[in-house]
Amino acid sequence: MKRCLTFALLVCCFVGRSQSKFTLSGYVRDSLSGETLIGASVMISGQSKGIVSNSYGFYSITLDAGTYTVATTFAGYLPFDTVIVLDRNTDVNFNLLQRAMLQEVIVSSRRRDNNVTAPQMGKIDMSVTRIKSVPVLLGEVDLLKTLQLLPGVRNAGEGNTGLYVRGGGPDQNL
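Quick note: the sequence shown uses numbering that gives the first Met the number 0, first residue 0, plus one each step.
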């Protein structure tokens, strides 16, 4: 008899404990079209509990009995907060209003980099003053030796008048 009474007491405790959890569920929809909103966030304010609506716009969360502030948000829609007393399994559908659209945005282009004036990236101009500023041998200005001082330019070898510019061949120069 004592065992039976203890067992009945334990069962009553567990039954009472299991009744303190209830399910809050429903759909999140667009208030104008009635279309379900996939991925809408349903958060319990003041707690770290929340859920995201599934591919049908349905959400379901199990909570202890009590009063909760439920915040529902979705991108492009106004957030919606409501107070819910959870004392039994409850279905609550949220209808969100679309946020006002932004004004028209006009994108105009401007020159971003004024140093780039031509599409010829590998062109280097040699001015006469620059050529004359190079030291001369036997009174004559050597144009080929002056060109070899530029970056990426090297000679084809001793006694040869060809130039290699950035890995090209001597026949590729103008």
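Here a beta-carbon is modelled for each residue, glycine too, at the ideal position from N, C-alpha and C.
> Is it right to say V69 is buried, meaning 16 or more other beta carbons lie within 10 angstroms of its own, or is it exposed?
Replying inline: V69 is buried by the Cβ-count criterion.
>> With the cut-off set at 9 Å, would you say K20 and T61 are in Cβ contact?
In response: The answer is yes: Cβ separation under 9 Å.
> Taking the beta strand (DSSP E) that I130 falls in, what are its first and last residues?
Replying inline: Careful: I130 lies outside any beta strand (DSSP E), inside the alpha helix (DSSP H) at 127 to 131.
>> Rounded to the nearest angstrom, what separates L95 and V106 at their Cα positions?
In response: It is roughly 31 Å from the alpha-carbon of L95 to the alpha-carbon of V106.
>> For the alpha helix (DSSP H) containing K144, name the first residue and the last one.
In response: For K144, the enclosing alpha helix (DSSP H) stretches over residues 142 to 146.
> What residues in its chain sit with their C-beta under 7 Å from that of D63, if we drop five residues either side in the sequence?
Replying inline: Excluding residues within five positions, the ones whose Cβ falls inside 7 Å are S19, K20.
> Residues bridged to Y76 by DSSP?
Replying inline: In the DSSP secondary-structure assignment, Y76 is bridged to Q97.
>> Does V27 come out as helix, strand or coil in the three-state DSSP assignment?
In response: V27 falls in the strand class under three-state DSSP.
>> Taking 8 Å as the limit between beta carbons, can you name the residues of its chain near Q147, skipping five residues before and five after?
In response: Cβ neighbours of Q147 beyond the five flanking positions: R153, N154, L162.
>> Counting beta carbon pairs with one atom in the region 48 to 58 and one in the region 75 to 82, are three or more of them shorter than 8 Å?
In response: The answer is no - the region 48 to 58 does not touch the region 75 to 82, with fewer than three Cβ pairs under 8 Å.
> Any idea if G15 is buried or exposed, counting beta-carbon neighbours within 10 angstroms, 16 or more meaning buried?
Replying inline: Since pLDDT at G15 reaches only 49, below the 50 mark, its modelled position is unreliable, and the value read off the structure follows with that caveat. Label assigned to G15: exposed.
>> Judging by CA-CA distance, which residue of G25, I50, V127, G38 is the nearest neighbour of N88?
In response: With respect to the C-alpha of N88, the residue from G25, I50, V127, G38 having the closest C-alpha is G25.
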